[in-house]
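Undergrad: Structure incoming, see below.
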Amino acid sequence: MSARTGVARVTARRYLEHHCAEGRAQLQMRYGSAYRPEHRYRWAA
């Protein structure tokens with residue numbers, strides 16, 4: 163998301179977290195083999 167919008171990764175994540183808090187987006191955590199979770203955001207229907 164940050165690469166597409168041209169903002170920093172932290173800024174993009176803050177905006178996405180705000181949308182989740184407002185109920186406009188949903189967060190799904192994806193755990194890979196590197197033990198670092200990947201945040202997957204999806205617009206709410």
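Each residue of the sequence shown is one higher than the one before, starting from 163 at the first, in the working numbering. We put the CB at the ideal spot given by N, CA and C, even for glycine.
Using a Cβ-Cβ cut-off of 8 Å (strictly less than) and excluding sequence neighbours within five positions of R216, which residues of its own chain qualify?
TA: Nothing can be reported for residue 216: it is not among the residues displayed for the chain, which extend from 163 to 207.
Undergrad: Apart from the five residues on each side of it in sequence, which residues of its chain come closer than 7 Å, Cβ to Cβ, to Y177?
TA: By 1-based counting over the sequence shown, the position of residue 177 is 15. Excluding positions up to five away in sequence, the list is empty.
Undergrad: Which residue marks the beginning of the alpha helix (DSSP H) containing A261, and which one marks its end?
TA: Within the shown structure, residues of the chain are numbered from 163 to 207, placing residue 261 beyond reach of any answer.
Undergrad: Out of R166, E179, S195, R186, which has the shortest C-alpha to C-alpha gap to H201?
TA: Position 39 of the sequence shown, counted from the start, is the residue given in the question as residue 201. Considering only alpha carbons, the answer is E179.
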